[in-house]
Every structure is written in C-alpha cells, then in structure tokens.
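Chemist: Numbering-wise (this note's numbering), the sequence shown opens with residue 4 and increments by one. Just dropping this structure here.
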Amino acid sequence: MNKYYESLNDEVKEYFSILSEEFPEWLLEYIDTPEMERISKISMSCGTDYSKCFNVRYWYSNLDHSVGVALIIWNFTHDKKQTLAGLFHDIATPVFKHCIDFMNGDSENQESTEERTSDIIKNSKRIMSLLKRDGIKLEEVSDYKIYPIADNDTPKLSADRFEYTFSSGLTFFRVWELDRIRKIYNNIIVDKNETGVIELTFKDKSVCEEYIDTISKLWPEWVSDKDRTVMQFLADICKSMSNAGFLNVEELYTLSEQEVINKILNCEDKYLSTCFKLFQKTDTVYKSLVPINEKYCVNVKSKTRYVVPLVKTNLGTFRINKISDKANKKIDKFLNLPKGGYYTYFDFPFEPYETSLSKRLVKKYN
C-alpha cells in the first residue's frame with residue numbers, strides 16, 4: 004500500500020475494507036496525484052471542525068470520502084471508468100467545502116463549484132497520463148452524474164450518498180459502529196428502479212428500516228441551526244477576505260484549509276482576524292424571530308439531504324416509504340420539520356464586507 008493508505012487510522016482502514024474487500028492497487032496511482040492530495044487537506048465536515056459548536060471524533064478528509072465513493076462503485080461494478088468518476092467527483096472542492104456554495108448564494112442546491120472538475124483533470128499532466136495509459140477518455144470520468152450507481156437525484160441511493168451517511172455517522176455524530184455498517188452494506192444489491200435505471204437496492208425490508216432509523220438521526224443535524232450558521236459565517240469571512248483583497252478566490256481552490264485560516268488569523272485587518280478568533284471560541288448558536296443588531300445574525304436555508312432507498316421484495320421492487328409505515332413516518336417527520344422563518348446568531352458582532360469598499364468603511368476592531 005502507499006503513503007495515503009498507511010496514513011489512515013485503523014477504523015477508516017476497516018471501514019474501507021467493508022466498502023470493498025479488495026482495495027484496487029491501480030487506484031492508488033490516481034490517488035497519489037497533486038490534485039487528489041490537495042483535497043486531503045479539506046474536511047468533509049464543511050469547516051465545522053473549526054467550531055466549538057461541534058465535537059468531531061477525528062479528521063476525515065474530502066479525499067477519504069472520494070476514495071470511499073470509488074470503493075463502493077468498484078465493489079458493485081468493477082468498472083474503472085465509473086470508479087474513477089467517483090474518485091474525481093470532488094476534485095474541484097474548495098476549502099470549507101459547501102461553505103463556498105453558501106458564499107456563492109447557492110446554500111440550497113450546493114452545486115456552484117462543480118463546473119471546475121473537468122478543467123482540473125484536463126490540466127493535470129499526471130492524471131491525463133494515467134488515463135491515456137489506461138485507454139480512458141476525459142469525458143468518461145469528469146462527470147460522475149452520468150453513472151447512476153455513482154450519483155443520482157435525491158432521495159435515491161447512490162455511492163456518494165451512501166458514503167457520506169456512513170462516514171458522517173462514524174466521524175461526526177457517531178450513530179454507527181462498523182458492525183452495523185457491515186450488516187447494512189452487505190444487504191445491498193444492484194437492481195432497476197421505477198424508471199428502469201439501475202440503483203443500489205436493499206434485499207431486505209427490515210435492514211432498510213434499520214438504515215432509515217439510523218440515518219434519520221443525521222438528517223436534522225445537516226440542516227441544524229448551528230450547522231447553517233457556522234457554514235454561513237465561514238462563507239462570509241472568506242467573502243470578506245476576498246473583498247478586502249487579502250484572499251484571492253482562486254486560492255480557495257488551491258490552498259489548504261489551514262493555510263486559509265492562517266491568512267485570516269494573520270490578516271492586517273484586525274476586524275476580520277478578531278471576528279474569526281471570536282468564532283473559534285464560540286460554542287453556542289442562538290435563534291430569534293427578529294434580526295438581532297450588533298450580533299452576527301443570519302437567516303439562511305440549507306440543502307435538504309435524505310434518502311428513500313429501494314427494497315427488492317417477492318412482489319417487486321419498491322421505495323421503502325411505500326412498504327413500511329415505520330420508515331415512512333421517519334421520512335415524513337423530517338420533511339415536515341419547520342424550515343426557515345427565524346434568525347440564528349452568534350453572540351458577537353460581525354458585519355461581512357459586501358464590497359471591496361467595505362475594507363475602508365468597517366474598522367470596528369482596528
């Protein structure tokens with residue numbers, strides 16, 4: 004095995020062995036490229052590692068997620084093209100991940116950064132050399148959405164959606180142990196869905212119900228007040244750094260998260276650096292029906308992430324909510340949660356720099 008694999012902790016190594024009994028040696032060469040190495044320095048938790056509002060169990064990078072997705076695809080297809088498309092699907096991910104979608108005004112879809120994927124692969128001499136050697140074309144690996152096992156529309160089950168429910172439940176909220184992941188994962192087959200397209204499918208209703216019972220605990224966390232507020236703050240601090248001329252937008256796609264944090268903390272604009280330090284110390288998010296003055300106060304929506312898997316039965320293949328009242332109640336409960344209508348805030352003031360002129364207008368901590 005290579006340097007990347009050896010750097011993983013024992014739990015992640017075992018988790019990867021569940022996703023694919025075989026770790027394909029050929030995949031390691033693609034992992035060991037500068038473009039993939041970059042995303043090893045970006046967290047899957049969308050920057051929440053850096054907030055005391057959360058208690059992340061251990062570092063799980065965007066590269067780890069991408070490898071996990073690739074292993075799931077390889078396990079069910081043994082197709083190099085689909086596997087590489089899964090590996091590369093987040094190669095264009097910026098620092099703080101979906102926070103930059105928030106910065107771009109795309110908090111609900113979280114797709115604003117995806118268009119760079121093809122260019123990054125195309126401009127990588129090492130990756131293009133490996134693809135040429137393996138007889139694979141750029142367009143066959145630059146968009147994983149063309150492969151339904153890799154990705155599909157919410158709420159269908161795909162390799163990407165499967166992986167982040169597993170890894171988030173391991174490293175972030177700890178709703179899983181590896182034995183339960185193994186039980187659920189080993190119940191999956193590939194079948195055709197209601198439109199005739201292949202999809203990851205459960206063999207047993209009871210196992211699918213167990214999966215829904217567990218991941219339904221994650222769904223509210225992904226749209227929680229603290230999650231949305233932390234992500235919007237990181238979006239606003241990055242936008243402010245950019246508008247003030249201290250951070251180039253391109254650096255969001257080339258630097259590590261720690262390098263960007265260092266830029267903020269060492270910024271000559273003490274307003275920005277002090278506000279970020281206050282953010283680092285804050286462990287509570289508050290909410291209000293009205294805007295709160297002199298506080299960092301926002302009203303932001305987030306992407307609704309949930310899954311309604313297929314189950315193969317003797318009578319046919321159906322969505323779990325059509326054959327299980329238990330699962331349907333949990334899905335409906337989440338979908339009917341109140342969305343928006345109130346403000347969330349940190350107990351310190353921060354006014355983002357909306358334009359480059361703001362650098363001269365806001366100097367509260369200088």
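Positions of the beta carbon are idealized from the N, C-alpha and C atoms, including for glycine. Here the structure is a predicted model, which means the values were calculated and not measured.
Please classify Ile63 as buried or exposed, where buried requires at least 16 other C-beta atoms within 10 Å of its C-beta.
Modeler: For the purposes of this step, residue 63 is identified with residue 60 of the sequence shown, where counting begins at 1. The displayed chain sequence assigns Tyr, not Ile, to residue 63. Tyr63 is buried by the Cβ-count criterion.
Chemist: Restricting to runs no shorter than 4 residues, where is the alpha helix (DSSP H) found entirely within the stretch 17–58?
Modeler: 28–34, 37–41
Chemist: Keeping to the same chain, check which residues put their C-beta closer than 8 Å to that of Ser259; ignore five residues upstream and five downstream.
Modeler: Sequence index remark: in the sequence shown, residue 259 carries index 256 (1-based). Arg41, Lys44, Ile45, Val98.
Chemist: Who are the Cβ neighbours of Ser171 in its own chain at under 7 Å, not counting the five residues just before and after it?
Modeler: Your numbering for residue 171 matches position 168 in the sequence shown. For Ser171, where only same-chain residues beyond five positions count, the Cβ hits under 7 Å are Leu221.
Chemist: With a Cβ-Cβ cutoff of 8 Å, do Val301 and Thr232 count as a contact?
Modeler: Start at 1 with the first residue of the sequence shown, and residue 301 comes out as number 298. Start at 1 with the first residue of the sequence shown, and residue 232 comes out as number 229. Yes, Cβ-Cβ distance for Val301 and Thr232 is below 8 Å.
Chemist: Determine, using beta carbons only, whether Ile218 and Val310 come nearer to each other than 8 Å.
Modeler: Numbered from 1 along the sequence shown, position 215 holds the residue referred to as residue 218. Numbered from 1 along the sequence shown, position 307 holds the residue referred to as residue 310. Yes, the Cβ-Cβ distance between Ile218 and Val310 is below 8 Å.
Chemist: Can the beta-carbon of Ala95 be found closer than 8 Å to that of Ile139?
Modeler: Here residue 95 refers to the residue found at position 92 when the sequence shown is read from its first residue. Here residue 139 refers to the residue found at position 136 when the sequence shown is read from its first residue. No; because the gap between Cβ atoms is not below 8 Å, this pair is not in contact.
Chemist: Beta-carbon within less than 8 Å of Asp350's beta-carbon, same chain only, minus the 5 sequence neighbours each way: which residues are those?
Modeler: To locate residue 350, count along the sequence shown from 1; it is residue 347. Closer than 8 Å at the Cβ level, and outside the excluded window around Asp350, lie Thr285, Thr287, Tyr289, Lys298.
Chemist: For Ile130, which residues in the same chain have their Cβ closer than 6 Å to its Cβ, ignoring the five residues on either side in sequence?
Modeler: As a first step, residue 130 is located in the sequence shown; it is residue number 127 there, counting from the start. Here Ile130 has Thr36, Ile124 as same chain residues with Cβ atoms under 6 Å from its own Cβ, once five neighbours each way along the sequence are excluded.
Chemist: Determine which residues share a DSSP beta bridge with Ile191 and list them.
Modeler: Taking the sequence shown and counting its residues from 1, the one referred to as residue 191 is at position 188. Beta-bridge pairing links Ile191 to Phe205.
Chemist: Going by alpha carbons, who is nearest to Lys195 out of Thr320, Glu253, Val144, Asp52?
Modeler: Translated into positions along the sequence shown, residue 195 becomes position 192. When only C-alpha atoms are compared, the closest one is Thr320.
Chemist: Can you tell me where the beta strand (DSSP E) with Thr347 in it begins and where it stops?
Modeler: Taking the sequence shown and counting its residues from 1, the one referred to as residue 347 is at position 344. Counting along the chain, the beta strand (DSSP E) containing Thr347 begins and ends at 346–349.
Chemist: On the three-state DSSP scale, how would you describe Gln113?
Modeler: Start at 1 with the first residue of the sequence shown, and residue 113 comes out as number 110. Annotation note: pLDDT 47 at Gln113 (below 50); position unreliable, no value reported.
Chemist: Quick check: the Cα distance between Val70 and Glu142, rounded to an integer number of angstroms?
Modeler: To locate residue 70, count along the sequence shown from 1; it is residue 67. To locate residue 142, count along the sequence shown from 1; it is residue 139. Answer to the nearest angstrom: the Cα atoms are 20 Å apart.
Chemist: Under 8 Å by Cβ, that's how I've got Asp163 and Asp156 pegged, so tell me the actual separation to the nearest angstrom.
Modeler: Here residue 163 refers to the residue found at position 160 when the sequence shown is read from its first residue. Here residue 156 refers to the residue found at position 153 when the sequence shown is read from its first residue. In fact, because the Cβ distance is near 12 Å, the residues do not count as touching under 8 Å.
Chemist: Using DSSP with H/G/I as helix, E/B as strand and the rest coil, what is Phe175?
Modeler: Here residue 175 corresponds to residue number 172 of the sequence shown, with the count starting at 1. Three-state DSSP puts Phe175 in coil, outside helix and strand.
Chemist: Note down the Cα distance separating Lys362 from Leu237, rounded to an integer number of angstroms.
Modeler: Counted from its first residue, the sequence shown places residue 362 at position 359. Counted from its first residue, the sequence shown places residue 237 at position 234. Since pLDDT at Lys362 reaches only 49, below the 50 mark, its modelled position is unreliable, and the value read off the structure follows with that caveat. Taking the straight line from one Cα to the other gives about 18 Å.
Chemist: Short check: CB of Met234 to CB of His101, under 8 Å?
Modeler: Locating residue 234 in the sequence shown gives position 231, counting from the first residue. Locating residue 101 in the sequence shown gives position 98, counting from the first residue. A contact, by the Cβ cut-off of 8 Å.
Chemist: If you check the beta carbons only, do Lys208 and Ile326 fall under 8 Å apart?
Modeler: As a position in the sequence shown, residue 208 is number 205, starting the count at 1. As a position in the sequence shown, residue 326 is number 323, starting the count at 1. Cβ distance < 8 Å, so Lys208 and Ile326 count as in contact.
Chemist: Tell me whether Lys313 is buried or exposed, calling it buried when 16 or more other Cβ atoms sit within 10 Å of its Cβ.
Modeler: Along the sequence shown, read from residue 1 onward, the residue named residue 313 stands at position 310. First, the residue type needs correcting, since residue 313 is Leu and not Lys in the sequence shown. When all chains shown are included, Leu313 counts as buried.
Chemist: Counting only the same chain and skipping the five closest in sequence on each side, list residues whose C-beta sits under 7 Å from that of Ile187.
Modeler: The residue given as residue 187 occupies position 184 in the sequence shown. The residues are Val210, Glu213, Tyr214.
Chemist: Would you call the stretch 326–339 and the stretch 174–185 in contact, with 3 or more CB pairs under 8 Å?
Modeler: no
Chemist: At the level of alpha carbons, what is the spacing between Cys49 and Val263?
Modeler: Working through the sequence shown from its first residue, we reach residue 49 at position 46. Working through the sequence shown from its first residue, we reach residue 263 at position 260. Going by the C-alpha atoms only, they are around 14 Å apart.
Chemist: Identify the continuous beta strand (DSSP E) that holds Val314 and give its terminal residues.
Modeler: Here residue 314 is taken as the residue at index 311 of the sequence shown, counted from 1. Residues 313–316.
Chemist: Identify which residue in Arg308, Phe91, Thr51, Cys56 has its Cα closest to the Cα of Ser127.
Modeler: Residue 127 sits at position 124 when you count from the first residue of the sequence shown. Ranking the options by Cα distance to Ser127, first place goes to Phe91.
Chemist: Checking contacts by CB at 8 Å: is Trp77 closer than that to chain C?
Modeler: In the structure shown, chain C cannot be found, because there is only a single protein chain.
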